[in-house]
Amino acid sequence: MNRHFSHQTKEPSTMHDLARTLLIGTFACLVPLTGCDKKEPEQTKETIEEKVDMNLVDESKFGEPVHFTDPDEVPTEKLGNVDVGGSTLEISTVGLKQPNATLTVNIDHVSGPVPDTIRLWIGSRSGEGSVKSKADAHGDHWHGDATFPDVMTSRTALWIEIEDENGERVSTGMPIH
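Residue 57 is where the sequence shown starts when you use my numbering, and the numbers rise one by one after that.
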């Protein structure tokens, strides 16, 4: 019997190996998780005035303040009437006339057939290098944006293209200086 007992102590059981492996693995995983109980300070809801002593701020280093344009101060100009494909349209613009600026174009139907579609651009007749846009229709009134090219010349014009119910396109330009 002694012999049998000594035989068991020399060769540990598989269950004993499994328990030891689990114990060592669990201990190895838990050790890094232990640490000091250092608590982070609670965040308070402070205003910028409470965080920064405004008496020490040199506002001259911020540069010039940004001035926004009041929409009522943007120049509005009536360009007059234009005949395009048998339709007479009254054209007015809102915005500055300068390179890369966007001009809002307002179009009112005066007489003749009502166009199905109106497209706008600023530049040359061909529209090459210009951004063409489709005007939004509201009954007999349209509005759209046209962007000035990088370089403006004496031949730079506002072009208005209409498309009738047959899909035929006709365009005409108006001087815009």
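Beta carbons are placed, not taken as given, at the ideal position from N, Cα and C, and that holds for glycine.
Please report how far the alpha carbon of residue i lies from the alpha carbon of residue j, in whole angstroms.
i    : j    : result
D196 : E133 : 20 Å
G13  : S180 : The first residue shown for the chain is 57 and the last is 233, placing residue 13 beyond what the model contains.
V161 : T212 : 16 Å
P205 : P231 : 14 Å
I242 : K117 : With the chain represented from 57 up to 233, any question about residue 242 goes unanswered, as that position is not in the structure.
G183 : K153 : 18 Å
V113 : N137 : 56 Å
G185 : T173 : 21 Å
P155 : N222 : 36 Å
F83  : M71  : 18 Å
H194 : E224 : 21 Å
Using C-beta distances below 6 Å, list every residue in its chain close to residue i, excluding the 5 sequence neighbours before and after it, in chain order.
i    : result
T203 : T158, V187
S189 : L176, G200, D201
S227 : W215, E217
T149 : E133, L159, V161
D164 : E146, H197
My guess is that residue i and residue j are in contact by the Cβ rule of under 8 Å, so how many angstroms apart are they, rounded?
i    : j    : result
E146 : V166 : 5 Å
G141 : D192 : That pair is no contact at about 19 Å.
Which residues in the same chain as residue i place their Cβ atom closer than 8 Å to its Cβ, once the five residues preceding and following it in sequence are excluded?
i    : result
V170 : S143, D196
A75  : none
S210 : H233
For residue i, I'd like the list of residues in its chain whose CB is within less than 7 Å of its CB, leaving aside the five on either flank, ordered along the chain.
i    : result
V207 : P155
In chain order, which beta strand (DSSP E) runs of at least 3 residues are fully inside the stretch 146-173?
-> List check, beta strand (DSSP E) in window: 158-167.
Which ranges does the alpha helix (DSSP H) cover as unbroken runs of at least 4 residues, wholly within the stretch 184-226, from first to last along the chain?
-> If we require 4 residues or more, the stretch 184-226 turns out to have no alpha helix (DSSP H) run fully inside it.
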